[in-house]
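Residue numbers (the numbering used here), protein chains in the order written: chain A, 265 to 702; chain B, 54 to 393. Even for Gly, the Cβ is constructed at its ideal location relative to N, Cα and C. Fair warning: this is a prediction, and the values are worked out from it, not measured in the lab. The structure appears below as structure tokens.
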Amino acid sequence: MIDPSIVREISEAHNEPDWMLKIRLNALELYNRLPEPKWIHGVEGLNVEDLILYKDPGVRPATSWEELPEDIRRLYERLNLPEYEKEYLAGLSTSLDSETIYSRVLEPLREKGVILEPMHDAVLNYPDLVRKYFSRIFPPAEHKYSALHYALWSGGVFLYVPPGVKLDLPIEAFFYISTELEGQFEHTLIVADRGSEVHFIEGCSAPRFRKFSFHDGAVEIYAAENAYVKFTTVQNWSKNIINFNNKRAIAERNAFVEWVEGSIGAKTSIVYPSVVLRGEGARTTMNVFSLSHGPYVKDGGAKIFHVAPNTRSTVVSKSVSSDGGVNIYRGLVRILKGAKNAFSHVSCDSLILDGESEASTYPHAQVDEPTAVFTHEATTVRFSEDQLFYLQSRGLNEEEAKGLAVLGFIQDILRGLPLEYASVLREVLNADFSGGVG
Amino acid sequence: MISIEKIRERAKKALPKTSFQPYGDSPTVKSYTDWSAFENAFSLPASSGKVSGATATDKLTSFSFQPEENRMLAYHFSHLPGAFVADSDTIILESERNSLALQHVLFCLDGDRNVHIEDLASTGPKSATLDMLVRPGAHVNLSVFISGQHSQYLHIRYHLGDSSELSVNSAVLGINTHVHHEFFLNGSGSRVSYSGASIRGRSDLITNAFVSGNDNVIRIAHAVFSAPDDFVVHRGAIRVARTSSGTDADMDSAFYTTGGLAVSAPMLEVLTDNVIRASHRSRDLSLSDEQILYLQTRGLPASEALSVYVEKLIEQYVGNLASDERVISAIKSFSESLPR
Numbered sequence: 265m266i267d268p269s270i271v272r273e274i275s276e277a278h279n280e281p282d283w284m285l286k287i288r289l290n291a292l293e294l295y296n297r298l299p300e301p302k303w304i305h306g307v308e309g310l311n312v313e314d315l316i317l318y319k320d321p322g323v324r325p326a327t328s329w330e331e332l333p334e335d336i337r338r339l340y341e342r343l344n345l346p347e348y349e350k351e352y353l354a355g356l357s358t359s360l361d362s363e364t365i366y367s368r369v370l371e372p373l374r375e376k377g378v379i380l381e382p383m384h385d386a387v388l389n390y391p392d393l394v395r396k397y398f399s400r401i402f403p404p405a406e407h408k409y410s411a412l413h414y415a416l417w418s419g420g421v422f423l424y425v426p427p428g429v430k431l432d433l434p435i436e437a438f439f440y441i442s443t444e445l446e447g448q449f450e451h452t453l454i455v456a457d458r459g460s461e462v463h464f465i466e467g468c469s470a471p472r473f474r475k476f477s478f479h480d481g482a483v484e485i486y487a488a489e490n491a492y493v494k495f496t497t498v499q500n501w502s503k504n505i506i507n508f509n510n511k512r513a514i515a516e517r518n519a520f521v522e523w524v525e526g527s528i529g530a531k532t533s534i535v536y537p538s539v540v541l542r543g544e545g546a547r548t549t550m551n552v553f554s555l556s557h558g559p560y561v562k563d564g565g566a567k568i569f570h571v572a573p574n575t576r577s578t579v580v581s582k583s584v585s586s587d588g589g590v591n592i593y594r595g596l597v598r599i600l601k602g603a604k605n606a607f608s609h610v611s612c613d614s615l616i617l618d619g620e621s622e623a624s625t626y627p628h629a630q631v632d633e634p635t636a637v638f639t640h641e642a643t644t645v646r647f648s649e650d651q652l653f654y655l656q657s658r659g660l661n662e663e664e665a666k667g668l669a670v671l672g673f674i675q676d677i678l679r680g681l682p683l684e685y686a687s688v689l690r691e692v693l694n695a696d697f698s699g700g701v702g
Numbered sequence: 054m055i056s057i058e059k060i061r062e063r064a065k066k067a068l069p070k071t072s073f074q075p076y077g078d079s080p081t082v083k084s085y086t087d088w089s090a091f092e093n094a095f096s097l098p099a100s101s102g103k104v105s106g107a108t109a110t111d112k113l114t115s116f117s118f119q120p121e122e123n124r125m126l127a128y129h130f131s132h133l134p135g136a137f138v139a140d141s142d143t144i145i146l147e148s149e150r151n152s153l154a155l156q157h158v159l160f161c162l163d164g165d166r167n168v169h170i171e172d173l174a175s176t177g178p179k180s181a182t183l184d185m186l187v188r189p190g191a192h193v194n195l196s197v198f199i200s201g202q203h204s205q206y207l208h209i210r211y212h213l214g215d216s217s218e219l220s221v222n223s224a225v226l227g228i229n230t231h232v233h234h235e236f237f238l239n240g241s242g243s244r245v246s247y248s249g250a251s252i253r254g255r256s257d258l259i260t261n262a263f264v265s266g267n268d269n270v271i272r273i274a275h276a277v278f279s280a281p282d283d284f285v286v287h288r289g290a291i292r293v294a295r296t297s298s299g300t301d302a303d304m305d306s307a308f309y310t311t312g313g314l315a316v317s318a319p320m321l322e323v324l325t326d327n328v329i330r331a332s333h334r335s336r337d338l339s340l341s342d343e344q345i346l347y348l349q350t351r352g353l354p355a356s357e358a359l360s361v362y363v364e365k366l367i368e369q370y371v372g373n374l375a376s377d378e379r380v381i382s383a384i385k386s387f388s389e390s391l392p393r
């Protein structure tokens, strides 16, 4: 049980309006009432009450690097964030522990009405806009941990792109957990208005702790008519973070939502991005990549609800399990009656590199519409001795050969990433397989 | 030898602790089977129903079920009037009026055999469990016909010996039917080939294969055909254990809906890298506008083309059961739901 006083304290600390406090308290009641989800693996030992549920980094939100304390500025410099911002981004927001401490969007975009603000500021500055969408896309009642998120949310970012505004460069939000036994509950809300276009990148990191920390974030995306939203996650938490993320988008008429979900780090990761294709002609593609290298559990997938006619969805999932790693794909495609001519294709490929590792695929298709077309295919393959022999005959050692096989396996996903992020991912994979290829 | 009395005692202990399903079927559908109808049937007196092709026994040489697994099995075995051992290649299991028929059959198969099983819930609800031992080196062709106007639970466990081959064709027509086909491949060099169809009504069919032996081959294909107001489900898992090697497994789950709910959930759990193949797919069998147009250009009106296509499609899945009058009638009923 979590005491409502904690929730009230978080709300008061941010001068929140009553409607937000009500959302929090209702969610807390749900959290205390809902049972532990039985489909969750790898969270044994997690006792939420023992965690630091709100950690104030003690820094005022800034709009320039110079305003930040030197130690924090250096941390971000080590992560190359100021450089990325200058070279590749239209806007950047960074969260440290429970607060967003930096956010800035390019001035010409700000003048066009693009809003990029810490979520808490947006609740106060744009209450009508936030209230219209907040918790309406991913409901608190979905399961126990989504309820917990809404009760304790803190930090995160709000992005609004006005009608017709197209961002040529991506916007990035970066989340960092600095201490062990900490809970991070940031909330991201993206509203892409009619005909707008935006690519949002989410990055995550944490140093390695002796004990674990818990991340229970949420991402809500609203893509209005004809809008395009690409949401890319490069999750590279350290190997003792339990990562839980609640992600959902609503796509209106002819909107297109593209997800790229890269899961590399974390002890346990439980993330199923989902899209509700609510408007006629809405589309989504989901590219999910998951690497479980070592005794870690990656439980991911994609969920799609076809509600309207002529909606289309495509899911491509690739997972690599090695050194005792476990990958689980859990997916759902629900095509409702009336979603005429809906089309959905799901493809899941798993690569197992040794005898200690595992891969499971649990897809669900529920089709109520006779004119819909759905296909799913999944294969689990191993890195065969023949392939190893061939690559060794070309001069590679075993580790290099495995690294090369992994890179080849996920090539389709890498193509969807911005060049600089793809190269970071390549470096991480190289480091994991210590072969130094690519 | 295992006595039925001992099984009953074990199941009675398990009954208060079990539930129909330990967790929800899916995030959007609470359950694919109407378990409340079975719970209601538990108030009826238990009977053995009508069993032909098998002899009653109070002791079994082999028994693989776990009554602790769920409430259905716990109730089934705790109230089981008696068991049967198959002594013919045709087994008919029927329900009886004003009772809940509970049946358990042990079937041992060797040599080359053509076997036919019918599970019929035409006069009342029923529950049946079968342990089917396919001896080493046996070659078995099996057809399983399942039909009923009442709630019906059928759970068949197939245990394949070394170098055995089992080929199964199945047809399911029911109004609240829950069926398990479970294949255990613990030896080496065995092969399972399953092909079946669920046609109309409300049915939840599960095909599971558990592989712990070496060099085994599994081919599972099941299709569901759902018309308006129907609720037809196929689920299944292939689980390849860490101890196994050289497994070649594939599951094909397909559906055709003309307006009812069709569910396809093929699953894979692979715990080893020593597999030749582990794959599954789920697909929609309906024809595209282009395919219908092609058939029309060959001289067939669209409605006729669709009927012929569906008929041949179902025949392909149910194999030799396609000539059964009851299956023909079900195909016709589904064809009538096709757009005209």
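- Note that the region 213-231 of chain B does not touch the region 335-346 of chain B; fewer than 3 beta-carbon pairs, one per stretch, sit closer than 8 Å.
- Per DSSP, D392 (chain A) is not a residue of any beta strand (DSSP E); the alpha helix (DSSP H) it occupies stretches across P391 to Y397.
- Counting only residues of its own chain and dropping the five nearest sequence neighbours on each side, V277 (chain B) has a CB closer than 6 Å to the CB of S251, V285, H287, F308 and A315.
- For S298 (chain B), the pairing in a beta bridge is given by DSSP as B:N267.
- Between L314 (chain B) and chain A, the shortest Cβ-Cβ separation is below 9 Å.
- Segment contact: the region 173-192 of chain B against the region 329-336 of chain B, fewer than three CB-CB distances shorter than 8 Å; contact not assigned.
- Residue environment for E357 (chain B): exposed (fewer than 16 other C-beta atoms within 10 angstroms of its C-beta).
- Taking 9 Å as the CB threshold, F387 (chain B) stays off the interface with chain A.
- For the options B:F73, B:L366 and B:H212, the alpha carbon positioned closest to that of F116 (chain B) is the one of B:H212.
- Per DSSP, the unbroken beta strand (DSSP E) holding H479 (chain A) starts and ends at S477 to A487.
- Here the alpha carbon of R517 (chain A) sits roughly 12 Å from the alpha carbon of H570 (chain A).
- The beta carbon of I287 (chain A) lies closer than 8 Å to those of F398, S399, P404 and Y414 in the same chain, with the five residues before and after it left out.
- The DSSP-derived three-state label of F402 (chain A) is coil.
- For Q74 (chain B), the secondary structure class from DSSP, reduced to helix, strand or coil, is coil.
- Selection A:L416, A:D480, A:A491 and A:Y440 evaluated against V462 (chain A) yields A:A491 as nearest (Cα-Cα).
- Here H640 (chain A) is bridged, per DSSP, to A:V610 and B:S335.
- When Cβ-Cβ separations below 9 Å define contact, K601 (chain A) makes contact with chain B.
- DSSP, read as helix, strand or coil, puts L423 (chain A) in strand.
- Annotated three-state conformation of R150 (chain B) is coil, per DSSP.
- The alpha carbon of H233 (chain B) has as its nearest neighbour, out of B:G240, B:G249, B:S360 and B:N239, the alpha carbon of B:G249.
- Between V580 (chain A) and I465 (chain A), the CB-CB gap reaches or exceeds 9 Å.
- For L321 (chain B), a Cβ of chain A is located within less than 9 Å of the residue's own Cβ.
- Here the C-alpha atom of R337 (chain A) lies approximately 44 Å from the C-alpha atom of V597 (chain A).
- Beta-bridge partners assigned by DSSP to Q205 (chain B): B:K179 and B:T230.
- Put simply, the CB of E622 (chain A) is near chain B, with a gap under 9 Å to one of its CB atoms.
- Unbroken beta strand (DSSP E) runs of no fewer than 3 residues, entirely contained in the region 550-627 of chain A, are found at 561-564, 567-570, 576-586, 590-599 and 607-616, following chain order.
- Interface residue (Cβ-Cβ distance to chain A less than 9 Å): S317 (chain B) is classified as such.
- At a cut-off of 9 Å between beta-carbon atoms, L348 (chain B) makes no contact with chain A.
- According to DSSP, residue pairing for H463 (chain A) in a beta bridge involves A:K494.
- Taking CB atoms only, S341 (chain B) has a neighbour in chain A less than 9 Å away.
- Annotation for K286 (chain A): the continuous alpha helix (DSSP H) segment containing it runs D282 to R297.
- The three-state reading of DSSP puts V378 (chain A) in coil, since its state is none of H, G, I, E or B.
- Using a CB distance below 8 Å, the part of the region 323-334 of chain B facing chain A consists of V323, L324, T325, D326, N327, V328, R330, A331, S332, H333 and R334, ordered along the chain.
- In the displayed model, S648 (chain A) falls within coil according to three-state DSSP, outside both helix and strand.
- Taking a cut-off of 8 Å on C-beta distances, the region 254-268 of chain B touches the region 296-304 of chain B, as three or more cross pairs fall below it.
- Contact check for S418 (chain A) and S477 (chain A): beta-carbon distance about 14 Å, past the 8 Å limit, so the pair fails to qualify.
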